[in-house]
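Asks: The sequence shown runs -26 to -1, 1 to 314 under mature numbering (1 follows the signal peptide of the UniProt record, and there is no 0).
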Amino acid sequence: MSSPAFDLHSWCIILTFSCLLVQSLGVNTDGYLLLSLKFSVLSDPLGVLDSWNYHDQTPCSWKGVTCGTPYMVNSSFRVIGLSLPNSQLLGSIPGNLGFIQHLRNLNLSNNSINGSIPLSLFTAPELQMLDLSDNLISGELSDLVGGLSSLELLNLSNNALVGKIPENLTTLHNLTVLSLKSNYFSGSLPSELNSVEILDLSSNLINGSLPSNFSGDNLRYFNASYNRLSGEITSEFAKPNPHKRDNRSLLQQFHRRDTGNEPFPQPGSGIILRKSRIVRKAPEKSLPNSVHHLNSGKRLCSDLSAGNRSYSENHRIDSGDHFTGKANRVEPKRAQTQNP
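1) Going by alpha carbons, who is nearest to Trp26 out of Asn2, Ser116 and Asp108?
2) Would you say the segment 114 to 129 touches the segment 139 to 150, given that touching needs at least three Cβ pairs under 8 Å?
3) Using the DSSP secondary-structure output, state which residues sit across from Val151 in a beta bridge.
4) Please name the residue, chosen from Ala98, Ser177, Gly161 and Glu126, that lies closest to Ala134 on a Cα-to-Cα basis.
5) With DSSP as the reference, label Ile252 as helix, strand or coil.
6) Tell me the DSSP secondary structure of Gly120 in three-state form.
7) Spatial neighbours of Asn85 within its chain, please: C-beta separation below 8 Å, excluding the five flanking residues on both sides.
8) Put Leu106 into one of helix, strand or coil per three-state DSSP.
9) Are the CB atoms of Val53 and Ile67 nearer to each other than 8 Å?
10) How about Gly38 and Phe51: do their beta carbons lie closer than 8 Å?
11) Do you know how far the Cα of Gly69 is from the Cα of Asn88?
12) Quick one: grab the DSSP three-state call for Phe73.
13) Check the DSSP bridge columns for Ser160 and list the partner residues they point to.
14) Keeping to the same chain, check which residues put their C-beta closer than 7 Å to that of Ser10; ignore five residues upstream and five downstream.
15) Cα-Cα, which of Leu149, Asp105 and Glu100 is closest to Leu130?
16) For the beta strand (DSSP E) holding Leu95, just list the boundary residues, first then last.
17) According to DSSP, which residues form a beta bridge with Tyr195?
18) If you count every other CB in all the chains shown that lies within 10 Å of the CB of Gly205, and 16 or more means buried, which is it?
19) Using a Cβ-Cβ cutoff of less than 8 Å, which residues in the same chain neighbour Val170 once the five nearest sequence positions on both sides are dropped?
20) Per DSSP, Glu114 is paired with what?
21) Pick from Ile139, Met103 and Val136: whose alpha carbon is nearest that of Ser123?
22) Return the chain-ordered ranges of every beta strand (DSSP E) run that is complete within the segment 23 to 57 and spans a minimum of 3 residues.
23) DSSP three-state label for Leu16, please.
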C-alpha cells in the first residue's frame, strides 16, 4: 500500500503535466495577452470579440488581429497588429497589452475606452502606429513615450489627457503624424519636432508663443487653434521648402478621418495653418507669403493671439461652435467640426 506522501507527490506530478499539456493545446503567448483585453472590456454590443477563443492555437484568425507571414523574420504567425476602431467597446486597456513582442500597429479609436494609457505600450519596441483617438482616456502622457523609437503615427485626439506635452517627443525621429487635439494639455509648445509632417494640437490649454526652433522642414500641416497662444508667426517658420519628402502612404489614412477629406497639402507647399474658427483680417504685408489662404477665402492672422480672442461680429467667423470668447476650449467628444 502506497504512503499518503507518495500519492500526494504523484498527484502533483500528474497535475503539473496536465497543466502543461492544456497550455500547449491552447492559444499562444500573444493570444493570452490579447485575451486580457477581452477580459477588460465591460461591454461589446457588436460582438467583435466573440471570435477570440482560448482554444485556438494562435489568435491570427481573430477579428481585428493581424499576424506576420511565414516570410517575415522573427514574427512569423506572431501578432503584429490590432485594429478595432468604431466597435462600441466599453472598458480599459490592460496593463500587459504592450508586452506583445512584435506589435506594430494598434488602433482602438472611436470606442469608449477609459482609464489611462498603460505604460507597457510605451515600451513596445516595434510599435509604429498608435491610434487611441476618440475615447475617454485620462491621465498624463508619460515621458516613456520618448522610448518608442519606431513610432511613426501617434493619434490621441479627443480624449481627456492632461499635463504637459512630453519634450522627449522630439527624440522620435520617425514620427510623422502627431495629433493631440481636443484634450487638456497645458504648458508650452514642444520644440524641434523635426520629422513631423502633420501636427494638430488644437483645442487644448497650451500657452506661450511659437518657439523659433518649433519644427523642421517637413512640416506641412499645423493646427494650434483654440489654445492660449500669443506672439507672431515668423516669416522663417512659414518659409517654403521645395525639398520636402512626399510620404503620402502613411499620411492619407490619418488625413481622411481627421481633416474631412480636404485636398491634401502638396509637398513643398509650405506651412498651412487652417481650421482656426476665430480669425481676423490682417494686412497682406503682415502675412508670410507661404501662409496659405484658408478655404472660402478665410485667412489666419500673423498674430497667434488674434486667433484666440473674441472680436465683434463683423470680424468673427463662426463655424457652428458659437464661440463667445469667454473660453478657448472645445470639449472632447462634443466638438463637431463643420465647414461653413
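Using N, Cα and C, we set each Cβ at its ideal position, and we do this for glycine too.
It should be emphasised that the depicted structure is a prediction, and the values quoted were computed from it without experimental measurement.
Replies: Looking at the coordinates:
1) For the purposes of this step, residue 26 is identified with residue 52 of the sequence shown, where counting begins at 1. Nearest option by C-alpha distance: Asn2.
2) yes
3) For the purposes of this step, residue 151 is taken as residue 177 along the sequence shown, with counting starting at 1. DSSP output for Val151 lists Leu127 and Ile172 as bridge partner(s).
4) The residue given as residue 134 occupies position 160 in the sequence shown. The candidate whose alpha carbon is nearest that of Ala134 is Ser177.
5) Here residue 252 is taken as the residue at index 278 of the sequence shown, counted from 1. In this prediction, Ile252 has a pLDDT of 31, which is less than 50 and means its spatial position is unreliable; nothing more can be read from the coordinates.
6) Locating residue 120 in the sequence shown gives position 146, counting from the first residue. In this structure, Gly120 counts as helix in the three-state DSSP scheme.
7) Residue mapping note: residue 85 aligns to position 111 of the sequence shown, counting from 1. Answer for Asn85: Leu58, Pro59, Asn60, Ser61, Gln62, Leu63, Leu64, Asp108 and Asn109, listed in chain order.
8) The sequence position of residue 106 within the sequence shown is 132, counting from 1. The answer is coil: DSSP assigns Leu106 none of H, G, I, E or B.
9) Taking the sequence shown and counting its residues from 1, the one referred to as residue 53 is at position 79. Taking the sequence shown and counting its residues from 1, the one referred to as residue 67 is at position 93. It is not a contact, given that the beta carbons lie outside the stated cut-off.
10) For the purposes of this step, residue 38 is taken as residue 64 along the sequence shown, with counting starting at 1. For the purposes of this step, residue 51 is taken as residue 77 along the sequence shown, with counting starting at 1. In this structure, Phe51 does not lie closer than 8 Å to Gly38 by Cβ.
11) Taking the sequence shown and counting its residues from 1, one reaches residue 88 at position 114. Taking the sequence shown and counting its residues from 1, one reaches residue 69 at position 95. Approximately 13 Å, taken between the alpha carbons.
12) Translated into the one-based positions of the sequence shown, residue 73 becomes position 99. Phe73 falls in the helix class under three-state DSSP.
13) Residue mapping note: residue 160 aligns to position 186 of the sequence shown, counting from 1. Looking at the DSSP assignment, Ser160 forms a beta bridge with Lys138 and Leu179.
14) Looking up residue 10 in the sequence shown gives position 36. Only Pro68, Asn70 and Leu71 meet the Cβ criterion.
15) The residue given as residue 130 occupies position 156 in the sequence shown. The shortest C-alpha separation from Leu130 is found at Asp105.
16) Numbered from its first residue, the sequence shown carries residue 95 at position 121. Segment: none, Leu95 is in no beta strand (DSSP E) and carries neither H nor E.
17) Mapped onto the sequence shown, residue 195 falls at position 221. DSSP output for Tyr195 lists Ile172 as bridge partner(s).
18) Working through the sequence shown from its first residue, we reach residue 205 at position 231. Looking at its Cβ environment, which holds fewer than 16 other Cβ atoms inside 10 Å, Gly205 is exposed.
19) Counting from 1 along the sequence shown, the entry for residue 170 is found at position 196. Here the set comprises Leu149, Thr150, Val151, Leu152, Ser189, Gly190, Asn192 and Leu193.
20) Taking the sequence shown and counting its residues from 1, one reaches residue 114 at position 140. DSSP output for Glu114 lists Val136 as bridge partner(s).
21) Numbered from its first residue, the sequence shown carries residue 123 at position 149. When each option's Cα is compared against that of Ser123, the closest is Met103.
22) 39 to 41 and 53 to 57
23) Walking along the sequence shown from the start, residue 16 turns up at place 42. Here Leu16 sits in strand by DSSP.
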